[in-house]
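According to our numbering, the sequence shown is numbered sequentially starting from 110.
By construction, the Cβ of each residue, glycine as well, lies at the ideal position given by its N, Cα and C atoms.
Note that the structure is predicted; figures quoted are calculated from it, not measured.
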Amino acid sequence: MTKKDFQNWSKEKLLHEYKELSKRKKFGIVWEDKIEEVAEQCKISLPVLKDEKTKSFSTGKNGINHIFIEGDNYHALSVLNYTHKKKIDVIFIDPPYNTGSQHWIYNNSYVERDDRFKHSKWLSFMSKRLRLARNLLKEDGFFAITIDHNELFTLGLLMDEIFGEGNRVGIVTVLHNPKGRNQAKFFSENSEFLMIYAKDISKAEFNSVAISEDTQGTFTEIDDEGKFRYEPYIRARTVWSRENRPRNWYPIYVSKDLKDITHKKQKGYYEVFPITNNGKEMAWKNIQETFIELNKNNYFEAKKEGSKIVIYHKYREQQVLKNVWTDKKYQSEFHGTNLLKKIFGDKRFDYPKSLYLVMDILKITSKDDSVILDFFAGSGTTGHAVLELNKEDGGNRQFILCTNNENNNGNGHGGVAQGVCYPRIKKVIKGYKESSNIAVAGLGGNLRYYTGDLVGNVITDNDKRVLTSRSTEMLCLAEATFDEVARKNGLFAIYENQNQITGIIFDEDAISDFKKEAQKYKKPIVVYVFSYDHSYNEEDFEDLENLKVVKPIPEVILNVYRKIYKELYKPRNL
């Protein structure tokens, strides 16, 4: 690049140059954006969904409707930006780790270890999807993602850029393969990393749970606030001596019946200092100001042990969440690979996640009625984890799984979607026999199966009609109304759930007939009506009882696509 000579530039030209330079990124991650074919398709075609009715199934009319989308996750996320914007509580993904071991395809080719642009390709691939995914989260939602050392640092910078460094909840080290890999030259990798971000950390809250099997059994006491264990309030290690921690040396006063504990000197109360049995002057765990605040919440208990009064604090389950997870239940071989072997009778997928790892991630991030998305669904562990959690606590969580059907390493069982993920979820919902012939009861639920599809870009009025006719599945998914109850000659269709009906009017001349049919159902009504622009005649629906809203189609869909693609294709400031 030729060096610029500013000496002869005019003031106006210098100011313009200064403004352009000011726009450049000053800190963060920079990469050479690589064109991706599936993203380029969306410049000339629009993603839609196709309902695969023969693969959908139900185990009960009132069961939870889980969603399965087969296709490229870029297209699926585009659709979900219409159907589920700000509706998702938790997103968990286990993306390609970019190891160069032929586990990740970019533009129909495996990305090799020695590819000079492998990091740029991976960042281009991930950046688009993470930006689309962030739009889906509720304001108090969480995004969790696993990764190994190959892209740990690039992913961290990318996540900071998209979610904001201030919304980084933490990074957890997970011991998933204690044996490690013997072929390593220096360190034998036995861990991977879990990054958790909040959409807005000021609104997000973790659940109060203990996820470590090693610690759960130690909480043997219980009170109105839940389980806890007693731990001495004194710090007995040398670094916690009175000399080293003078602010943590103060008296605590305890009544004769041991029921009242206070920082205020009281007549007839025991005066207790942090002194060990052998007379060493140590320190309390907190300074006095913190002790006073904790004591307002029934945090302490005093016990008489021999001639001494000992102060204990209540250590509760929710206080044990650490950022290093080493439980055996996180080992992917035993609770991922071997679990799949039990379900299928053979090894059908490389490196599935431990079921219990995903369950624990969801335990701390989800509510019992959360919507949970995994757009790298792979072997279906996230869906399985949601079903197990619902069984465990009686919850009504719903999962949305997205995965393509790419070749699963030629193992003879079909692609990832149809040969692994879908049959696993079907077995877990309906029940199955393990490879050892032990019957496993189904966990129940309904599954709606969709495949991704594309329609031509909307240019003419006829294109608008085509998009409208192909958008029925998207509209039903957006409203969660899956059961068709009426249809008339391609003029209109009506779908329902327990709480509402959704009407889709494909021809404005059918409005009158639609209203007559819709009034039969005595439920709140959402209406989508075909329009060549973004308007409709409000008077046409004034007499429709229980009307919630009328939306013109396909304009409401086109507006979403215009907005997200404009943002994605906007030049990045380097």
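When the alpha-carbon of E145 is set against those of S167, L232, E126, F177, the nearest one is in L232. Take P341, set aside five residues on each side of it, and the residues of its chain with a beta-carbon closer than 7 angstroms to its own are V419, Y421, in chain order. Per DSSP, V348 lies in no alpha helix (DSSP H) segment and is marked neither H nor E. According to the DSSP assignment, S233 belongs to the alpha helix (DSSP H) that extends over 227–243. The C-beta separation of F251 from V199 comes to about 5 angstroms, placing the pair in contact by the 8 angstroms criterion. Looking from the CA of K376, the closest CA among S364, P383, E248 belongs to S364. Between I310 and G275, the alpha-carbon positions lie close to 7 angstroms from each other. Take the alpha-carbon of Y460 and the one of L130: they are about 45 angstroms apart. A Cβ-Cβ separation of about 16 angstroms leaves D469 out of contact with I202 under the 8 angstroms criterion.
Ranked by Cα distance from N406, the options E390, W349, W393, R425 are led by R425. With respect to the C-alpha of Y558, the residue from E543, L576, P532 having the closest C-alpha is P532. Each residue's CA atom was taken as its position, placing N395 and F337 some 19 angstroms apart. Taking a 10 Å sphere around the C-beta of P287, we find fewer than 16 other C-beta atoms and assign the residue as exposed.
For A627, the enclosing alpha helix (DSSP H) starts and ends at 620–627. In this chain, the alpha helix (DSSP H) harbouring S187 covers 182–192. Below 8 angstroms, enough C-beta pairs join the segment 600–608 and the segment 576–591 to call them touching: three or more. Counting along the chain, the unbroken alpha helix (DSSP H) around K128 starts and ends at 120–131.
As a beta-bridge residue in DSSP terms, S300 pairs with L284. Here DSSP, grouped into helix, strand and coil, assigns A148 to helix.
Scanning its chain for C-beta atoms nearer than 7 angstroms, with the 5 sequence neighbours on each side dropped, one finds around K536 the residues I452, in chain order. Taking a cut-off of 8 angstroms for Cβ pairs, the segment 183–196 and the segment 237–244 touch, as three or more such pairs fall below it. Where T491 is concerned, the enclosing alpha helix (DSSP H) starts and stops at 490–502. Residue burial annotation: A345 is exposed, with fewer than 16 other C-beta atoms found within 10 angstroms of its C-beta. A direct Cα-Cα distance of roughly 22 angstroms separates T208 from A526. Taken through DSSP and simplified to helix, strand or coil, Y604 comes out as strand. DSSP, reduced to helix, strand and coil, places L246 within a strand of the structure shown. In the three-state DSSP reduction, R596 falls in the strand class (E or B).
Distances from the alpha-carbon of L576 to those of S154, K143, A148, V147 put S154 closest.
Going by DSSP, E582 is part of the alpha helix (DSSP H) stretching over 581–588.
In this structure, the alpha-carbon of T490 lies about 12 angstroms from that of I481. Spatial neighbours of N606 in its own chain (CB-CB distance under 6 angstroms, excluding positions within 5 residues in sequence) are listed in chain order as A589, T590.
When rounded, the separation of the alpha-carbon atoms in E651 and E141 is 54 angstroms. Spanning the alpha carbons of E260 and I401 requires a straight line of approximately 46 angstroms. A buried status is given to I305, since no fewer than 16 other beta-carbon atoms sit within 10 Å of its beta-carbon. DSSP places K438 in the helix class (H, G or I) of the three-state scheme.
When DSSP states are grouped into helix, strand and coil, Q397 belongs to the helix group.
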